[in-house]
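For the sequence shown, the numbering used here gives the first residue as 26, with consecutive numbering after it.
Virtual Cβ for every residue (Gly too), placed ideally from N, Cα, C.
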Amino acid sequence: MNDLAKILGIYDAKVKLKSINDHTISFYIYTDTKPHLCPHCNLYTSKVHDYRMQKIKDIPLHNKSCILFLNKRRYHCSGCGKHFYESYDFVSRYLHRTQRLTKFIAHSFYDSINIKHASIRANISTHTVYKVLGTLNNSSDRYHFIRQVYWALENVRKNVQKNMSKTLRRYYKRSRHIITTRESILSEENKAALRLMLEYSEDLRKAHFIKELFIKLLDEKSYSKQRVLLHEWLLEVESSGIKEFNVAITAFRNNYKYILNSLKYRHISNGPTEGFNNKIKVLKRISYGVRNFKYFRNRILMATV
Numbered sequence: 026m027n028d029l030a031k032i033l034g035i036y037d038a039k040v041k042l043k044s045i046n047d048h049t050i051s052f053y054i055y056t057d058t059k060p061h062l063c064p065h066c067n068l069y070t071s072k073v074h075d076y077r078m079q080k081i082k083d084i085p086l087h088n089k090s091c092i093l094f095l096n097k098r099r100y101h102c103s104g105c106g107k108h109f110y111e112s113y114d115f116v117s118r119y120l121h122r123t124q125r126l127t128k129f130i131a132h133s134f135y136d137s138i139n140i141k142h143a144s145i146r147a148n149i150s151t152h153t154v155y156k157v158l159g160t161l162n163n164s165s166d167r168y169h170f171i172r173q174v175y176w177a178l179e180n181v182r183k184n185v186q187k188n189m190s191k192t193l194r195r196y197y198k199r200s201r202h203i204i205t206t207r208e209s210i211l212s213e214e215n216k217a218a219l220r221l222m223l224e225y226s227e228d229l230r231k232a233h234f235i236k237e238l239f240i241k242l243l244d245e246k247s248y249s250k251q252r253v254l255l256h257e258w259l260l261e262v263e264s265s266g267i268k269e270f271n272v273a274i275t276a277f278r279n280n281y282k283y284i285l286n287s288l289k290y291r292h293i294s295n296g297p298t299e300g301f302n303n304k305i306k307v308l309k310r311i312s313y314g315v316r317n318f319k320y321f322r323n324r325i326l327m328a329t330v
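What follows is the structure in structure tokens.
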């Protein structure tokens, strides 16, 4: 790997300067022939069928457009007779822009700029920016859809309590954590208490069963299995006939795609943002109002570092 490759962040190819003028910097990108796995029959081949030059846009350099000319190689598989292009880490299939440029466009919106300014900064068309934004995945924050299930469970408990005696109602209220806590981590004493509490009402028993199924869904490591379990869980909730879960069902149906994305990208959380918001609210409260915005901004930055 040469120095130009390091500058462009390309680690699996060689780079050579093609041309440079007042507006554009161009580079040749080429790779060595090596065995590639055929996507059709999973056999390795090193036999080259042909070449073609592909034009790819990259992040601007020194306020100039950066164009990469990739000498793209197509292989021939002796096993199945199919032809296929070699894969590259720096550019996705069917795209004419590098992954660096895609990330650069996405990161541009951290500065709260509009579509036009993002396109000018990356030296691309607004249409390309819209295409990049169209590939981004929205996901629901786990806290917001998980609490829908627990709210429904709590509403079932509250409605069941209305028909109880004062003593029993007080006991259910004070012991509600036994119902909401996942059963697997309860002590033997609390498990026995849970069984007695669930014996009182069929709806409460169903609601608790639905909650436990949902916890099982969240604990599943495989995303493909989670998709199946979520579909089955929604069918189970709808067939239960418990009206307290109607709001939860509506929320899950309306945000189904975003909830699936949250399960798929489980490392993403809105927790840090919520924490910063809470710190800012606390600062406002303990300051009894701040007249100087610059001072208040510095207080926020110091408190959230």
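Nonlocal neighbours in the same chain, by C-beta distance under 7 Å from residue i, ignoring five residues either side
i	result
residue 157	127, 130 and 131
residue 289	248
residue 151	140, 141 and 144
residue 267	181, 228, 231 and 232
Supposed contact pair residue j and residue i - C-beta distance, whole angstroms, cut 8 Å
i	j	result
residue 235	residue 262	6 Å
residue 100	residue 109	6 Å
residue 239	residue 174	5 Å
Under the three-state DSSP convention, the category residue i falls into
i	result
residue 187	coil
residue 128	helix
residue 72	coil
residue 5	Because residue 5 is not part of the residues shown, which for the chain are 26 to 330, the question remains open.
residue 94	strand
residue 83	strand
residue 109	strand
Cβ neighbours of residue i in the same chain (closer than 8 Å, five flanking residues each side left out)
i	result
residue 58	71, 73 and 98
residue 222	197, 200, 203, 204 and 229
Nearest neighbour of residue i, chosen from the options [CA to CA]
i	options	result
residue 359	165, 253, 173 and 123	Only positions 26 to 330 of the chain appear in the structure, and residue 359 is not among them; the question remains open.
residue 54	194, 41, 48 and 220	41
residue 82	39, 92, 115 and 116	92
residue 326	304, 312, 317 and 316	304
residue 162	293, 250, 79 and 217	293
residue 277	69, 169 and 35	169
residue 119	87, 155 and 80	80
residue 207	296, 242 and 47	242
residue 77	50, 111 and 48	111
Residue-level contact to chain D via CB, residue i, 7 Å cutoff
i	result
residue 56	Judged by its chain identifiers, the structure shown contains no chain D, having just a single protein chain.
Same chain only: Cβ atoms within 6 Å of residue i, ignoring 5 sequence neighbours per side
i	result
residue 215	203
residue 178	232 and 236
Enumerate, from N- to C-terminal direction, the unbroken beta strand (DSSP E) stretches of 3 or more residues contained entirely within the stretch 26-66. The qualifying runs are 39-45 and 49-55.
Ignoring anything shorter than 4 residues, give me the alpha helix (DSSP H) runs that lie fully in the stretch 199-225, in order along the chain. Within the stretch 199-225, the alpha helix (DSSP H) runs of at least 4 residues that lie entirely inside it are, in chain order, 201-205 and 213-224.
Start-end ranges of the alpha helix (DSSP H) lying completely within the stretch 246-285, minimum 4 residues: 248-265 and 271-279
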